[in-house]
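Enquirer: Dropping the structure in here first, questions after.
In the numbering used here, the protein residues as written are 3 to 224.
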C-alpha cells in the first residue's frame, strides 16, 4: 500500500499501530468525563454500565475490526492484482487501514481495561495479584492458540494449484478469509461470554429468590 503523505513524507510501516493508541488516549477521557456521568443518570449504576457489559462491547468492536480488516484486504488485493507493479504495491493509501485500527483501539479501551477493572473489583482482596497475573497469562495463552490456528490454516488451505491463505505472497494469498475466520471464532466466543455473563453474580450482590427462600425457612423454624 502507498505509505506516502505528500511528496516527501512516508509513514513508517511499524508506526501504524499508534492509531490504536491514539484512539485509546482520546476515548478514555471522553468516556470517563462525558459518557459515564450521563450513563450513570440513566442506569443508576456507579460505572454507567456494568463491567461485563463493558467487556462485551469491547468484544463486539473486535469482531467489527476483523470484518472491516477483511473487507479492506479484499479491496487491497483486488487493486494490487488488477494494477501490477514491480514492487507489487497496491495503488491505494495506507490510511485505508485506519478504520480497523481505530476499532481495535476501541476494543482495547472497553475490553482490556474492563477486564483489569473486573479483576481488581471482583476478586477477593488477597487474590487481586493472582487475578492480574491471570490477565497476563491470558495473553500468553492467546499467543499459543494463535500459533495453532495459523498452523492449521497453513495446512488446511494449501492445495497443489493454490497457495494457502497466509502465504508470503499476500497478493496470491487470501488473508481476508483468515480475518473472517477470526471474526467467526470471536462471534462464538461472544455467544459463550453472554451465556456466562447472564449467570454471573457480582461480588456483594444477593439473589432475591434465594433470599426470599431463606426468609421463608426462617419463618417456618420460628
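By construction, the Cβ of each residue, glycine as well, lies at the ideal position given by its N, Cα and C atoms.
Fair warning: this is a prediction, and the values are worked out from it, not measured in the lab.
When the distance is taken between beta carbons, is residue 167 closer than 8 Å to residue 161?
Expert: Going by C-beta atoms, residue 161 is not nearer than 8 Å to residue 167.
Enquirer: Let me check one thing: in DSSP terms, what residues is residue 6 bridge-paired to?
Expert: Note: residue 6 sits in a beta bridge opposite 12.
Enquirer: Helix, strand or coil for residue 201 per DSSP?
Expert: Coil.
Enquirer: Going by Cα to Cα distance, which pick from 122, 80 and 111 is closest to residue 28?
Expert: The option with the nearest alpha carbon to residue 28 is 111.
Enquirer: Excluding sequence positions up to five away, which residues of its chain have a Cβ less than 6 Å from the Cβ of residue 205?
Expert: Cβ within range, chain order: 124.
Enquirer: Distance cutoff 8 Å, beta carbons only. Does residue 192 sit that close to anything in chain C?
Expert: Within the model displayed, chain C is absent; a lone protein chain is all it includes.
Enquirer: Taking buried to mean at least 16 other C-beta atoms within 10 Å of its own C-beta, is residue 17 buried or exposed?
Expert: Looking at its Cβ environment, which holds fewer than 16 other Cβ atoms inside 10 Å, residue 17 is exposed.
Enquirer: Distance, Cα to Cα, residue 105 vs residue 67?
Expert: Taking the straight line from one Cα to the other gives about 5 Å.
Enquirer: Straight-line CA distance for residue 165 to residue 183?
Expert: So the alpha carbons of these two residues sit roughly 17 Å apart.
Enquirer: Between the Cα of residue 176 and the Cα atoms of 75, 37, 48 and 118, which residue gives the shortest distance?
Expert: Looking at the Cα atoms, 75 is the closest of the given residues.
Enquirer: May I have a chain-ordered list of the beta strand (DSSP E) segments no shorter than 3 residues that lie completely inside the segment 27-75?
Expert: Listed in chain order, nothing qualifies, since the segment 27-75 has no complete beta strand (DSSP E) run of 3 or more residues.
Enquirer: Would you call the segment 45-65 and the segment 186-196 in contact, with 3 or more CB pairs under 8 Å?
Expert: Touching, per the Cβ criterion.
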